[in-house]
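For reference, the structure discussed in these notes is given below.
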Amino acid sequence: MIRLENLTKYYPSELGKQYIFQGLNFNIPSGHNIAILGSNGAGKSTLFRILAGSEYPNKGRVVTDLAISWPMALATGINPQMTGRENARFIGRVNGVADLADYEKKVDDFAALGEKFDLPTRTYSSGMRSRLAFACGISIDFHVYLIDEVTSVGDAKFRKQAREALLERAHNANVIMVSHEMDELRQFCDSAIVLHKGELTFYEDLEEAIAIYQA
1 MIRLENLTKY YPSELGKQYI FQGLNFNIPS GHNIAILGSN GAGKSTLFRI LAGSEYPNKG
61 RVVTDLAISW PMALATGINP QMTGRENARF IGRVNGVADL ADYEKKVDDF AALGEKFDLP
121 TRTYSSGMRS RLAFACGISI DFHVYLIDEV TSVGDAKFRK QAREALLERA HNANVIMVSH
181 EMDELRQFCD SAIVLHKGEL TFYEDLEEAI AIYQA
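Per full-length UniProt numbering, the sequence shown starts with residue 1, numbered consecutively.
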(Lines of atoms letter the chains of each structure in order from A; the text may use other names.)
(Lines give C-alpha, C1' and ligand atoms only; values in the text may rest on other atoms or scores of the structure.)
Protein backbone atom coordinates (compact mmCIF):
# COMPACT_ATOMS: atom_id res chain seq x y z
CA MET A 1 0.00 0.00 0.00
CA ILE A 2 1.04 3.59 -0.65
CA ARG A 3 -0.34 6.00 1.95
CA LEU A 4 -0.63 9.74 1.44
CA GLU A 5 -0.74 11.51 4.79
CA ASN A 6 -1.98 15.11 5.07
CA LEU A 7 -0.43 15.83 1.68
CA THR A 8 -0.31 19.45 0.56
CA LYS A 9 1.27 20.63 -2.67
CA TYR A 10 1.10 24.11 -4.11
CA TYR A 11 3.00 26.26 -6.58
CA PRO A 12 3.51 30.01 -6.13
CA SER A 13 1.99 32.33 -8.71
CA GLU A 14 1.16 36.00 -9.16
CA LEU A 15 -2.27 35.20 -7.71
CA GLY A 16 -0.81 33.50 -4.66
CA LYS A 17 -0.50 29.82 -3.84
CA GLN A 18 -2.05 27.53 -6.46
CA TYR A 19 -2.97 24.35 -4.60
CA ILE A 20 -2.82 20.99 -6.34
CA PHE A 21 -3.50 19.01 -3.14
CA GLN A 22 -4.48 20.36 0.26
CA GLY A 23 -4.46 18.12 3.34
CA LEU A 24 -4.98 15.00 1.24
CA ASN A 25 -5.25 11.64 3.01
CA PHE A 26 -5.53 8.63 0.74
CA ASN A 27 -4.50 4.98 0.48
CA ILE A 28 -3.43 3.59 -2.89
CA PRO A 29 -4.04 -0.17 -2.54
CA SER A 30 -1.58 -2.86 -3.55
CA GLY A 31 -2.58 -5.71 -5.82
CA HIS A 32 -4.14 -3.51 -8.50
CA ASN A 33 -2.96 -2.07 -11.80
CA ILE A 34 -4.35 1.43 -11.55
CA ALA A 35 -5.22 4.04 -14.17
CA ILE A 36 -5.03 7.68 -13.11
CA LEU A 37 -7.86 9.65 -14.71
CA GLY A 38 -8.08 13.43 -14.61
CA SER A 39 -8.36 16.46 -16.84
CA ASN A 40 -5.33 18.40 -18.04
CA GLY A 41 -3.91 20.40 -15.15
CA ALA A 42 -5.61 18.25 -12.52
CA GLY A 43 -2.27 17.21 -11.03
CA LYS A 44 -1.58 13.77 -12.51
CA SER A 45 2.06 14.51 -13.31
CA THR A 46 2.57 16.21 -9.95
CA LEU A 47 1.15 13.15 -8.19
CA PHE A 48 3.51 10.91 -10.17
CA ARG A 49 6.55 13.00 -9.25
CA ILE A 50 5.58 12.97 -5.57
CA LEU A 51 5.05 9.20 -5.61
CA ALA A 52 8.44 8.74 -7.28
CA GLY A 53 10.16 10.99 -4.75
CA SER A 54 11.46 13.33 -7.46
CA GLU A 55 9.32 16.18 -6.07
CA TYR A 56 8.38 16.82 -2.46
CA PRO A 57 5.07 17.98 -1.01
CA ASN A 58 5.00 21.28 0.86
CA LYS A 59 3.46 19.44 3.79
CA GLY A 60 2.64 15.84 4.60
CA ARG A 61 4.33 12.71 3.37
CA VAL A 62 4.14 9.52 1.32
CA VAL A 63 4.46 6.35 3.41
CA THR A 64 5.29 3.01 1.78
CA ASP A 65 7.77 0.16 1.93
CA LEU A 66 7.41 -0.48 -1.81
CA ALA A 67 10.09 0.23 -4.42
CA ILE A 68 8.51 2.68 -6.88
CA SER A 69 9.93 3.61 -10.27
CA TRP A 70 10.27 7.11 -11.62
CA PRO A 71 7.63 8.17 -14.19
CA MET A 72 8.77 5.98 -17.06
CA ALA A 73 8.60 7.19 -20.67
CA LEU A 74 9.84 10.55 -19.40
CA ALA A 75 13.58 11.23 -19.45
CA THR A 76 13.58 11.77 -15.69
CA GLY A 77 17.01 11.44 -14.10
CA ILE A 78 18.98 11.32 -17.35
CA ASN A 79 22.15 13.41 -17.05
CA PRO A 80 22.82 15.13 -20.40
CA GLN A 81 26.58 15.29 -19.77
CA MET A 82 26.89 11.52 -19.30
CA THR A 83 26.73 8.86 -21.99
CA GLY A 84 23.81 6.47 -22.18
CA ARG A 85 26.00 3.75 -20.71
CA GLU A 86 27.18 5.99 -17.85
CA ASN A 87 23.59 6.98 -17.10
CA ALA A 88 22.54 3.33 -17.00
CA ARG A 89 25.41 2.42 -14.69
CA PHE A 90 24.63 5.33 -12.36
CA ILE A 91 20.89 4.59 -12.25
CA GLY A 92 21.58 0.93 -11.59
CA ARG A 93 23.97 1.75 -8.76
CA VAL A 94 21.57 4.24 -7.13
CA ASN A 95 18.76 1.67 -7.27
CA GLY A 96 20.84 -1.09 -5.72
CA VAL A 97 21.26 -3.31 -8.77
CA ALA A 98 23.66 -6.11 -7.80
CA ASP A 99 25.02 -7.06 -11.24
CA LEU A 100 25.68 -3.75 -12.95
CA ALA A 101 27.31 -5.31 -16.03
CA ASP A 102 24.23 -7.46 -16.67
CA TYR A 103 21.92 -4.50 -16.06
CA GLU A 104 23.92 -2.31 -18.42
CA LYS A 105 23.62 -4.95 -21.15
CA LYS A 106 19.85 -5.26 -20.63
CA VAL A 107 19.45 -1.50 -20.97
CA ASP A 108 21.65 -1.44 -24.07
CA ASP A 109 19.69 -4.26 -25.71
CA PHE A 110 16.28 -2.81 -24.82
CA ALA A 111 16.95 0.82 -25.76
CA ALA A 112 18.63 -0.29 -29.02
CA LEU A 113 20.66 2.90 -29.32
CA GLY A 114 23.61 1.19 -30.99
CA GLU A 115 26.84 3.18 -30.98
CA LYS A 116 24.99 6.18 -29.55
CA PHE A 117 24.77 4.36 -26.22
CA ASP A 118 28.35 5.59 -25.70
CA LEU A 119 27.67 9.20 -26.68
CA PRO A 120 26.60 11.98 -24.27
CA THR A 121 22.82 12.01 -23.97
CA ARG A 122 22.78 15.74 -24.75
CA THR A 123 23.26 14.61 -28.37
CA TYR A 124 20.13 12.43 -28.22
CA SER A 125 16.72 13.32 -29.55
CA SER A 126 13.94 13.54 -26.97
CA GLY A 127 12.67 10.17 -28.20
CA MET A 128 16.07 8.55 -27.66
CA ARG A 129 16.31 9.96 -24.13
CA SER A 130 12.84 8.62 -23.36
CA ARG A 131 13.80 5.20 -24.72
CA LEU A 132 16.88 5.17 -22.52
CA ALA A 133 14.89 6.21 -19.44
CA PHE A 134 12.24 3.56 -20.12
CA ALA A 135 14.87 0.87 -20.67
CA CYS A 136 16.63 1.82 -17.42
CA GLY A 137 13.35 1.58 -15.51
CA ILE A 138 11.91 -1.60 -16.98
CA SER A 139 15.21 -3.40 -16.35
CA ILE A 140 14.94 -2.86 -12.57
CA ASP A 141 12.73 -5.00 -10.32
CA PHE A 142 10.37 -2.40 -8.85
CA HIS A 143 7.22 -3.24 -6.91
CA VAL A 144 5.33 -0.44 -8.68
CA TYR A 145 5.97 1.00 -12.15
CA LEU A 146 4.77 4.55 -12.85
CA ILE A 147 3.91 4.76 -16.55
CA ASP A 148 3.29 8.13 -18.20
CA GLU A 149 1.99 7.95 -21.78
CA VAL A 150 3.93 4.89 -22.95
CA THR A 151 2.48 5.37 -26.46
CA SER A 152 4.66 8.47 -26.82
CA VAL A 153 7.94 6.56 -26.52
CA GLY A 154 9.94 5.94 -29.69
CA ASP A 155 8.64 4.39 -32.89
CA ALA A 156 5.94 1.75 -33.34
CA LYS A 157 8.42 -1.11 -32.93
CA PHE A 158 9.72 0.25 -29.62
CA ARG A 159 6.20 0.98 -28.34
CA LYS A 160 5.24 -2.64 -29.03
CA GLN A 161 8.37 -3.81 -27.22
CA ALA A 162 7.57 -1.51 -24.28
CA ARG A 163 3.99 -2.81 -24.01
CA GLU A 164 5.16 -6.42 -24.03
CA ALA A 165 7.76 -5.72 -21.34
CA LEU A 166 5.18 -3.96 -19.17
CA LEU A 167 2.70 -6.81 -19.49
CA GLU A 168 5.45 -9.20 -18.44
CA ARG A 169 6.35 -7.04 -15.44
CA ALA A 170 2.68 -6.81 -14.44
CA HIS A 171 2.70 -10.53 -13.58
CA ASN A 172 4.84 -9.86 -10.50
CA ALA A 173 4.47 -6.12 -9.91
CA ASN A 174 1.86 -3.40 -10.17
CA VAL A 175 1.42 -0.57 -12.64
CA ILE A 176 0.08 2.93 -12.05
CA MET A 177 -0.55 4.53 -15.44
CA VAL A 178 -1.47 7.85 -16.99
CA SER A 179 -2.68 7.85 -20.59
CA HIS A 180 -5.18 9.74 -22.70
CA GLU A 181 -5.84 6.51 -24.60
CA MET A 182 -8.60 4.57 -22.85
CA ASP A 183 -7.85 1.40 -24.83
CA GLU A 184 -4.28 1.49 -23.55
CA LEU A 185 -5.51 1.82 -19.97
CA ARG A 186 -7.85 -1.12 -20.55
CA GLN A 187 -4.91 -3.20 -21.75
CA PHE A 188 -2.89 -2.70 -18.56
CA CYS A 189 -5.24 -1.63 -15.76
CA ASP A 190 -8.06 -3.25 -13.80
CA SER A 191 -8.99 -0.31 -11.57
CA ALA A 192 -8.65 3.46 -11.46
CA ILE A 193 -8.22 6.59 -9.40
CA VAL A 194 -10.15 9.65 -10.57
CA LEU A 195 -8.40 12.92 -9.73
CA HIS A 196 -10.75 15.90 -9.52
CA LYS A 197 -10.23 19.23 -7.76
CA GLY A 198 -7.44 17.88 -5.59
CA GLU A 199 -9.39 14.85 -4.40
CA LEU A 200 -8.73 11.20 -5.27
CA THR A 201 -11.43 8.54 -5.59
CA PHE A 202 -10.57 4.87 -6.05
CA TYR A 203 -12.73 2.58 -8.21
CA GLU A 204 -12.12 -1.16 -8.26
CA ASP A 205 -13.85 -1.35 -11.64
CA LEU A 206 -11.99 0.44 -14.43
CA GLU A 207 -15.04 0.77 -16.69
CA GLU A 208 -17.05 2.44 -13.93
CA ALA A 209 -14.25 4.94 -13.41
CA ILE A 210 -13.96 5.68 -17.14
CA ALA A 211 -17.72 6.24 -17.38
CA ILE A 212 -17.66 8.68 -14.46
CA TYR A 213 -14.59 10.47 -15.78
CA GLN A 214 -16.08 10.89 -19.26
CA ALA A 215 -19.55 11.92 -18.04
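Note that CB positions come from ideal geometry on N, CA and C, so glycine has one too. Remember, predicted model here, so these are calculated numbers, not experimental data.
Selection from the options that minimises the alpha carbon distance to residue i
| i | options | result |
| --- | --- | --- |
| GLY137 | ALA67, ASN27 and LYS44 | ALA67 |
| TYR124 | THR83, HIS171 and ASP141 | THR83 |
| SER126 | ILE140, ILE91, ALA75 and ILE147 | ALA75 |
| GLN214 | PHE21, ASP141 and SER39 | SER39 |
| HIS171 | ILE91, ASP190 and SER54 | ASP190 |
| GLU184 | GLU149, ASN87, GLY43 and SER13 | GLU149 |
| PRO29 | PRO12, ARG93, LYS157 and ALA173 | ALA173 |
| ALA52 | GLN81, MET177, ARG89 and ASN79 | MET177 |
| ARG85 | LEU119, PHE110 and GLY23 | LEU119 |
| PHE21 | LEU7, ASN27 and ARG49 | LEU7 |
| ARG122 | ASN79, PHE90 and ASP99 | ASN79 |
| GLY41 | VAL94, ARG131, THR64 and TYR19 | TYR19 |
| GLY154 | MET128, ILE212 and GLY92 | MET128 |
Outcome for residue i when other beta-carbon atoms lying within 10 angstroms are tallied against a minimum of 16
| i | result |
| --- | --- |
| GLU104 | buried |
| LEU167 | exposed |
| MET1 | exposed |
| LYS197 | exposed |
| ASP141 | exposed |
| GLN161 | buried |
| LYS17 | exposed |
| GLY114 | exposed |
| VAL144 | buried |
| PRO57 | buried |
| SER69 | buried |
Under the three-state DSSP convention, the category residue i falls into
| i | result |
| --- | --- |
| THR8 | strand |
| ASP65 | coil |
| LEU15 | coil |
| LEU119 | coil |
| ILE50 | helix |
| GLN22 | strand |
| LEU113 | coil |
Those residues which DSSP pairs with residue i across a bridge
| i | result |
| --- | --- |
| MET72 | ILE147 |
| PHE27 | As written in the sequence, residue 27 is Asn, which differs from the Phe given in the question. In the DSSP output, where bridge partners are listed per residue, ASN27 has ARG3. |
Beta strand (DSSP E) runs wholly inside the region 139-209, at least 3 long, in chain order:
144-148, 174-178, 191-196 and 199-203
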